[in-house]
Amino acid sequence: MAPGTVVSRSDARLAGEVAGRVTWVAEVGDTVANGAVVARIDDQTLRFQLSDAEATIRRLEASLGFQDRQLERQRSLASQNIAAKNQLDELQAQRDMAEQDLAQARNARRQILHTLERSQIRAPFGGRVVERMLEMGEYLPVGGEIVRLVDTGNVEVRAQAPMAVARHVAEGQSVQVSDRERDVTSRVRAVIPVGDERSRMIEVRIALSDADWVIGSAVRVALPDGQP
9 MAPGTVVSRS DARLAGEVAG RVTWVAEVGD TVANGAVVAR IDDQTLRFQL SDAEATIRRL
69 EASLGFQDRQ LERQRSLASQ NIAAKNQLDE LQAQRDMAEQ DLAQARNARR QILHTLERSQ
129 IRAPFGGRVV ERMLEMGEYL PVGGEIVRLV DTGNVEVRAQ APMAVARHVA EGQSVQVSDR
189 ERDVTSRVRA VIPVGDERSR MIEVRIALSD ADWVIGSAVR VALPDGQP
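Spelled out as structure tokens, the structure:
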């Protein structure tokens, strides 16, 4: 009989990718869907930067349009042998540089938009908020944890078994899982074939089809210690 614990297959401490003041964070106990926002960071400075970037793009677009018209006129003059060839080359180079400046400004805007999107921390999976590390008004550094999200509907048992039973336990094998109130038959999802040097134990994961198990509950798993 190996001791085990009911755990969630998806249990994450969500961290921020953008530093800033926390303006909103989900309440403990809230159920959120995959992709839902669980926290927001103050993005006012980023929106100012986005406004500047868009103004720069409009200015460069106007400049590029002017360069195109100038180049077209210079080509017409050059075809009539009125303008020098070096003047046409100079205008072409200026037009190409203006085009590259515009591409750089558009890329800067995309980076700001990407940073704006990351200022909203989203759930990588559906679950429940079980802990808040920061409250509204506190400062979140880059990589700082803000909430713990747990998928309470997708659980399994993490059991510790002696190394001696490792060769008798296989993935897909049926085993008994019991607590004080129930005794169910489940299947071994995974056997981690790496033992601890001190405890001489290996980890066995047993799938639970019924989600009506409290995460953190202590259970016992009946594992075979010999050939049937």
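Residue numbering for the sequence shown follows my numbering, starting at 9 and increasing by one per position. Backbone N, C-alpha and C fix where the C-beta goes; we use that ideal spot for every residue, glycine too.
| query | result |
| --- | --- |
| In whole angstroms, give me the CA-to-CA distance for T53 and V155. | 24 Å |
| Going by beta carbon distance, what residues of the same chain come within less than 6 Å of Q181, once the five residues before and after it are set aside? | V196 |
| Just grab the DSSP bridge partners of V163 for me. | S16 |
| By Cβ distance below 8 Å, which residues in the same chain neighbour Q57 in space, the five residues on each side in sequence not counted? | I120 |
| Whole angstroms is fine: what's the gap from L13's alpha carbon to A169's? | Checking the sequence shown, residue 13 turns out to be Thr, not Leu. Approximately 12 Å between the Cα atoms of the pair. |
| Considering Cα atoms alone, identify which of R166, N162, V183, G224 is closest to S18. | N162 |
| In the structure shown, what three-state DSSP assignment does D97 receive? | helix |
| Taking contact to mean at least 3 C-beta pairs separated by less than 8 Å, is the region 211-221 in contact with the region 183-199? | yes |
| Just how far apart, CA to CA, sit E143 and P236? | 55 Å |
| Going by C-alpha to C-alpha distance, which of G234, I223, M171 sits closest to R206? | M171 |
| Does the separation of the CB atoms of V46 and R126 fall below 8 Å? | no |
| Distance, Cα to Cα, E146 vs H122? | 23 Å |
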